[in-house]
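Undergrad: Its first residue numbered 1, the sequence shown is counted upward by one per residue in full-length UniProt numbering. For every residue, glycine included, the Cβ atom is placed at its ideal position computed from N, Cα and C. These figures come from a predicted structure and were not determined experimentally.
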Amino acid sequence: MISRLLIVLLRVYKAFISPMLGPRCRFVPSCSEYAMGAIAQHGPLRGLWLTTTRLARCHPLHPGGYDPVPGTVRCHCTGNAPMSSTLIINARLVNEGRSYAADLRIEGERIAQIAPGLTPRQGETVIDAAGKWLLPGMIDDQVHFREPGLTHKGDIASESAALVAGGLTSFMDMPNTNPPTLDSAALEAKYALAEGRAWGNYGFYHGASNDNLEAIRALDPKATPGVKVFMGASTGNMLVDNPQTLDAIFRDCPTPIITHCEDTPMINALAAQYEEKYGDALTAEQHPDIRSRAACLKSSELAVSLAKKHGTRLHVLHISTADELKLFEPGPLVRADGSRKQITAETCVHFLHFARPDYKEKGNLIKCNPAIKEESDRQALTAALANDVIDVLATDHAPHTWEEKQKPYAQAPSGLPLVQYALVAALERVHEGKLSREQVVQKFAHAPAQLFDVAQRGFLREGYYADLVLVEDVPFTVKREDVLGKCGWSPFEGTTFHSRVAATFVNGQQVWDGEKLLGEPAGQRLEFDR
């Protein structure tokens, strides 16, 4: 608790007081960043001692430079060290609706140049990407990395390692941890946990409950991608079912609202009926009947009606049925006049890949909330991405241990690990002719950046952070021994994909070479330009 309070105070200092003092620190990371990292890594007593010794070193006669917290591995600025430079040549870039041949130069953390025929410089690392596609790193707007409190399933370090191996470079993590993220102190504590440990860039959602309305009203819009409202009960029950509270959240929330939409009373009634009918014979094959399409539609309709009533920026997560598509306006997320859709929708890679027949083989391994439903839904959701009815593609990565998933249906938890193979699973729709590469990049990189006002990420643009992924059209088969997530299994085991991630860069640093992780975690806190 003391560490959390100190970190919050330091963030206030960094945000409001430090800018008035001007550039003073001679080190990388800065003294305020060093203090937050030291307290998070070593606790308040040793953290304050380390910070005191750092402050004593930070004087005009010291040359400065890279001076990390002992026991951490993070530094994203070059200080007095020479700036690294990498030139990627002969790639085919996919960006902003186009695919074209060009070279791309990285200097430090940033994209410095994009042009054909760039000439290598002395001492520059050159990567020949002939035959490969160069994409902006994907931004996953929905993950459950299970930290704090559920780290036997996964944690920020393990799941973000799987993330970058899959070509995803930024993530937004859900608040249903233990404890749940229901106030600013808990939010900042999660950011502190990610410092120096996250392989990808990170943002954390603030949660909603029936009794934290004042915390939501006081929320800094720059501190979080948005407020997650569980309008249906799921893992880590944070159900908001008080109608007056729900209305007030939609009226007063200073950030986008994102929702899990399933009608809990309807699901509970169906669960009772099916348990009475099947008893111990109940299996995952009945999961889409219990967590029904009607339950999804009813709750999504309520969310959309509240957003229209209050003019709320609403993002409805993991749309799983064709029925819900009628609630959303077709067309580009950002219109020609620069205005943006008020109400948006997301679907997930598993809804594009699996359908009801897969329960027979996969069983509880593909049990998730909302449920994977019919083949007709799978086809409709894919078409809705292509037709700009659905705006964002994500994972809803939610790992559980193999042992937990082997329990009987009623006891087995919902959720599946997805980040490591999400991009290549999405690219299967390209190989099938259902989506284009440009559409995958739009929905999985550009749109999350635009929707959540992510600063200088999600696009291949000069001056933007060099979050990049190289993809080659080489088939491979998913094997359990290659899974990096802590749970150690994947619902895609045995699946042959026709694209593979050849390299991933986060903030200019190559962290994946197609076979293994490289270097140290390079993730930074996402900034929201609001």
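#1: Where does R92 sit, in a helix, a strand or coil, going by DSSP?
#2: Pick out whichever of G433, N212, L451 has its Cα sitting closest to the Cα of L182.
#3: If you reduce the DSSP assignment to three classes, tell me which class D280 lands in.
#4: Taking the alpha-carbon positions, what's the Q450 to K360 distance?
#5: What is the residue span of the beta strand (DSSP E) that F505 lies within?
#6: Where does T344 land, buried or exposed, given buried means 16+ other C-beta within 10 angstroms?
#7: If you scan the region 256-316 from start to end, which runs of the alpha helix (DSSP H) of 4 or more residues do you find wholly inside it?
#8: Can you give me the C-alpha to C-alpha distance between Q122 and T224, rounded to a whole angstrom?
#9: Is A215 near T259, with beta carbons less than 8 Å apart?
#10: Closest to I137 by C-alpha separation, out of G338, I111, T347, would be which residue?
#11: Does the distance from the CB of G207 to the CB of I257 come in under 8 Å?
#12: For D473, collect the residues of the same chain with a Cβ closer than 7 Å to its Cβ; drop the 5 residues on either side in sequence, then sort them by chain order.
#13: What did DSSP end up calling T53 once you bin it into helix, strand or coil?
#14: Starting from the C-beta of T86, find all residues in its chain whose C-beta is less than 6 Å away, skip the five residues before and the five after it, and write them out in chain order.
#15: Quick one: grab the DSSP three-state call for Y202.
#16: Between the region 269-287 and the region 300-314, can you find at least three pairs of beta-carbon atoms closer than 8 Å?
#17: If you compare alpha carbons, which of K516, L484, W512, P491 is closest to A157?
#18: I'd like the ranges of any beta strand (DSSP E) spanning at least 3 consecutive residues and lying wholly in the region 367-447.
#19: Entirely within the region 89-140 and at least 3 residues each: give me those beta strand (DSSP E) ranges in chain order.
#20: I'd like to check one pair, K443 with L385: are the Cβ atoms closer than 8 Å?
#21: With the cut-off set at 8 Å, would you say D377 and I366 are in Cβ contact?
#22: Note down, in chain order, each residue of its chain lying with its Cβ closer than 7 Å to the Cβ of A161, except the 5 sequence neighbours on either side.
#23: For Q379, which of F492, F354, W402 has the nearest alpha-carbon?
#24: For the pair the region 464-471 and the region 391-402, tell me if three or more CB-CB distances fall below 8 Å.
#25: So D247 is in the alpha helix (DSSP H); what residue range does that whole segment cover?
#26: Using only CA atoms, which one of A272, L270, I290, A248 lies nearest to A307?
#27: Quick one: what's got a C-beta closer than 6 Å to N242's C-beta in the same chain, skipping five residues either side?
#28: Quickly, what does DSSP pair W489 with across the bridge? List them, please.
#29: With a threshold of 16 other CB atoms inside 10 Å of the CB of R335, please say whether the residue is buried or exposed.
#30: Using CA coordinates, which residue listed in G523, V240, L163, I267 is at the minimum distance from D396?
#31: Across which residues does DSSP place K228 in a beta bridge pair?
TA: The structure says:
#1: Correct three-state label for R92: strand.
#2: It is N212.
#3: Secondary structure at D280: helix, using DSSP grouped into helix, strand and coil.
#4: Computed Cα separation, rounded: 39 Å.
#5: From DSSP, the beta strand (DSSP E) with F505 extends over 500-506.
#6: A residue is called buried once 16 or more other Cβ atoms fall within 10 Å of its Cβ, and T344 is buried on that count.
#7: Counting only runs of at least 4 residues, the region 256-316 fully encloses the following alpha helix (DSSP H) elements, listed from N- to C-terminal order: 264-278, 287-290, 293-310.
#8: Cα-Cα distance, rounded: 41 Å.
#9: With contacts defined as CB atoms closer than 8 Å, A215 and T259 fail to qualify as a contacting pair.
#10: Rather than Ile, the amino acid found at residue 137 in this sequence is Gly. Selection G338, I111, T347 evaluated against G137 yields I111 as nearest (Cα-Cα).
#11: Taking 8 Å as the cut-off, the beta carbon of G207 is found no closer than this to the beta carbon of I257.
#12: Excluding sequence neighbours, D473 sits near H498, S499.
#13: Here T53 sits in helix by DSSP.
#14: Result list for T86: I106, T125, in chain order.
#15: Three-state DSSP puts Y202 in a strand.
#16: Counting Cβ pairs under 8 Å, fewer than three are found: no touch.
#17: Residue L484 is the option with its Cα nearest to A157.
#18: Restricting attention to beta strand (DSSP E) runs no shorter than 3 residues, the region 367-447 encloses them at 392-394, ordered along the chain.
#19: Here the runs fully enclosed are 98-107, 110-115, 125-128, 132-136.
#20: Yes.
#21: It is not a contact, given that the beta carbons lie outside the stated cut-off.
#22: Counting only Cβ-Cβ distances below 7 Å, and skipping sequence neighbours, we find W199, L484, L517.
#23: Ranking F492, F354, W402 by Cα distance to Q379 puts F354 first.
#24: Pairwise C-beta distances place the region 464-471 out of contact with the region 391-402, as fewer than three of them are shorter than 8 Å.
#25: From DSSP, the alpha helix (DSSP H) with D247 extends over 243-252.
#26: Considering only alpha carbons, the answer is A248.
#27: Counting only residues of its own chain and dropping the five nearest sequence neighbours on each side, N242 has a CB closer than 6 Å to the CB of N210.
#28: Assignment of beta-bridge partners to W489 by DSSP yields no partner.
#29: Exposed, because fewer than 16 other Cβ atoms sit within 10 Å of the Cβ of R335.
#30: The residue with the shortest Cα to Cα distance from D396 is L163.
#31: Beta-bridge pairing links K228 to G207, I258.
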